[in-house]
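The structure appears right after this line, and notes come after that.
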Amino acid sequence: MKRLVGVSNRTAAGGPKAGGLAVALWDALVDRKGLWFGWSGEVADVARRGVEIFDEEGVSFAVADLTHQEYDGYYLGYANRALWPVLHYRVDLANFDEDQYTCYRGVNRRFAKLLYQRLNPDDMVWIHDYHFFPMAQDLRDLGWRGRTGFFLHVPFPPPEIFKSIPDHKALCQGLCANDVLGFQTISDCENFKKYAISELKAVPIDDDVIDVNGRPITVRAYPIGIDAEEFERLANADEAKKAAARIEPFLNDGRALILGVDRMDYSKGIPNRFQAVGRMLDDDKHLSRNDESALQGKVAYTQIAPPSRTKVDEYAELRKQLDSLAGQINGDYGDLDWIPIRYLARSYPREQLAGLYRLARVVLVTPLHDGMNLVAKEFIAAQDPEDPGVLVLSQFAGAAAQLASGSILVNPHDIASTADAIREGLTMGLSERKRLYEIARKVVYGEDIAWWRESYLHDLDPDLASRNSA
Ligand code: ADQ
């Protein structure tokens, strides 16, 4: 079996092997005694620019530090302030800076050189995410000929949006040095193919293959999954029950828990969600709390949102916006014995999140755009099959392509309809809840993380493909 070499900005070295990418890559690398290459997470001075090598449970790690200038230009700058917003359809928030692009190109080239020195001709390289769009090209320029694939965890927007990046062509030419390009959804794939046909003169060969300058490239959707069985086990474990017990005092008198769990990122649509909850309560303003159909006092919305990328201005702004919206809604609708929104700007271990998911009557996964969104899948895996909660899901999450008929689908920009959808989830009868849950469960367990990894590697590794078809 070919050795697998994973490349991602952050590796799982030393830390818990939790979360989508980390688990998926980790298992594949353990299977194949692979190598994981990426940023060490350290920012150092020029003197320490080599690679640190170590082994963990049979997986080799090779990690490199960034300099302060690279951290600012490549990571905070180009990756987070130019690529991330555009890939999430937010050209209005993008900041394009020539020096930051130069820095991004420099880090890709420097990392490619460090990696190339450690590659064997028979290795297979699997590059992850927008931090390393041009990495395959940089490896090829150094003489690398082996199988190389790329997977994009975030959306790929329509060409009209992607083309707002001044260096869009160079980035995509770099991508086309891969043998396999993986996206989360068919719509991301179609966006990329449309771009490649119009800008790079790509020629479609069949549904999954395009030809760019005489090289065939497989372009397919591989929707990422979770380890559903493991998550279900977590949801039934003591740690989960303890977390549920901690929140239960706020659910007295049978109050229903509405839950949101997100990194604090503008792509996740948290302000719209707050507004939708506010709107839902406002719709009942004319009713007294004793009225049977009134939701006042009968629901408790908890939003867990640890701040991320706090050094980027747009994220600091979002923090302020959420603080203010939560305060306003609690001020307008709260009562002596009831706070409608509890907003916790911190993270909780997944063992505890699993318990909260299981307790929730409705979970709100309403991003404005999201590559996949694993919270939606974790919520399903955590449910009690005999009394499941309801997933309210944005039509703009990659997960909607798989879970539309197992959830209540919403347009997160439509505050009034989202408010209605939350109410529908809260008041849904058991048999309809079970029906939606069974549909969603089939997808989450059938197309899990092992399915994702194997589907991708089947296309990347010709030996595997021929063994399977023999
Ligand atoms: P993220 O945007 O980070 O990742 P997401 O898929 O929502 O997105 O979550 C990743 C993990 O983080 C989940 O396992 C979740 O439990 C955990 N998490 C989220 N919020 C948390 C919180 N408040 N506290 C603790 N843990 C939390 C990118 C793309 C996604 C894509 C993933 C995987 O943006 O669209 O689904 O990669 O490909």
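Each residue of the sequence shown is one higher than the last, beginning at 2 in my numbering. Even for Gly, the Cβ is constructed at its ideal location relative to N, Cα and C. For clarity, every value in this text was computed on a predicted model and none was experimentally measured.
{"Item": "Asparagine 10: CB within 7 Å of a non-hydrogen atom of ligand 1", "Value": "no"}
{"Item": "As assigned by DSSP and simplified to three states, the class of asparagine 192", "Value": "helix"}
{"Item": "Sub-8 Å separation of asparagine 109 and aspartate 139 beta-carbons", "Value": "yes"}
{"Item": "Residues near valine 210 by beta carbon distance below 8 Å, same chain, minus five either side", "Value": "Pro217, Ile218, Thr219, Val220"}
{"Item": "Distance between leucine 326 and aspartate 385 (C-alpha atoms, nearest Å)", "Value": "32 Å"}
{"Item": "Environment of proline 156 [buried if 16+ CB atoms lie within 10 Å]", "Value": "buried"}
{"Item": "Alpha helix (DSSP H) segments (min. 4 residues) lying fully within the stretch 365-446", "Value": "375-383, 401-404, 416-428"}
{"Item": "Residues of its chain near isoleucine 54, where Cβ-Cβ distance is below 6 Å and the 5 sequence neighbours each way are ignored", "Value": "Ala63"}
{"Item": "Three CB pairs or more closer than 8 Å across the stretch 362-380 and the stretch 313-330", "Value": "no"}
{"Item": "Rounded straight-line distance, which links the Cα of aspartate 283 to that of valine 300", "Value": "13 Å"}
{"Item": "CA-to-CA distance, threonine 428 to aspartate 293, given in whole angstroms", "Value": "The amino acid occupying residue 293 in the given sequence is glutamate; aspartate does not appear at that position. Going from the Cα of glutamate 293 to the Cα of threonine 428 covers about 12 Å."}
{"Item": "Beta-carbon proximity of glycine 261 to isoleucine 330, cut-off 8 Å", "Value": "no"}
{"Item": "Beta-bridge pairing of phenylalanine 38 - partner residues as DSSP gives them", "Value": "Val8, Ala63"}
{"Item": "CA-to-CA distance, alanine 203 to glutamine 101, given in whole angstroms", "Value": "29 Å"}
{"Item": "Closest residue to alanine 236 among Leu182, Asp207, Glu352, Gly175 (Cα-Cα distance)", "Value": "Glu352"}
{"Item": "Whole-angstrom distance between arginine 442 and aspartate 449, CA atom to CA atom", "Value": "10 Å"}
{"Item": "As assigned by DSSP and simplified to three states, the class of leucine 22", "Value": "helix"}
{"Item": "Unbroken beta strand (DSSP E) run spanning phenylalanine 157, endpoints", "Value": "Neither: phenylalanine 157 is in no beta strand (DSSP E) and is coded neither H nor E."}
{"Item": "Closer than 7 Å: serine 395 CB and nearest ligand 1 heavy atom", "Value": "no"}
{"Item": "Beta-carbon contacts of methionine 265 that lie in its chain and below 8 Å, excluding the five residues immediately before and after", "Value": "Ile271, Ala306, Pro307, Pro308, Ser309, Tyr316, Leu319, Arg320, Leu323, Ala346"}
{"Item": "Assigned secondary structure, phenylalanine 97 (DSSP; H/G/I helix, E/B strand, else coil)", "Value": "coil"}
{"Item": "Within 8 Å, strictly: CB atoms of glutamine 185 and alanine 222", "Value": "yes"}
{"Item": "Beta-ladder partner(s) of methionine 125, from DSSP", "Value": "Leu5"}
{"Item": "Local Cβ density within 10 Å of asparagine 10, reported as buried at 16 or more and exposed below that", "Value": "buried"}
{"Item": "Arginine 362 - DSSP class collapsed to helix/strand/coil", "Value": "coil"}
{"Item": "Exposure of arginine 274, with buried meaning 16 or more beta-carbon neighbours within 10 Å", "Value": "buried"}
{"Item": "Residues of its chain near proline 205, where Cβ-Cβ distance is below 6 Å and the 5 sequence neighbours each way are ignored", "Value": "Ile211"}
{"Item": "Within 8 Å, strictly: CB atoms of valine 213 and cysteine 177", "Value": "yes"}
{"Item": "Buried or exposed by the 16-neighbour rule on C-beta atoms within 10 Å, applied to glutamate 379", "Value": "buried"}
{"Item": "Helix, strand or coil at proline 250 [DSSP, three-state]", "Value": "helix"}
{"Item": "Under 8 Å between C-beta atoms of valine 126 and valine 8", "Value": "yes"}
{"Item": "Closer than 7 Å: glycine 372 CB and nearest ligand 1 heavy atom", "Value": "yes"}
{"Item": "Rounded C-alpha distance that separates tyrosine 438 from histidine 287", "Value": "33 Å"}
{"Item": "Under 8 Å between C-beta atoms of valine 391 and glycine 426", "Value": "yes"}
{"Item": "Integer Cβ distance of arginine 362 from isoleucine 198, believed to fall under 8 Å", "Value": "Wrong, their Cβ atoms sit about 46 Å apart, outside the cutoff."}
{"Item": "Whole-Å CB distance - isoleucine 248 paired with leucine 357, under 8 Å assumed", "Value": "7 Å"}
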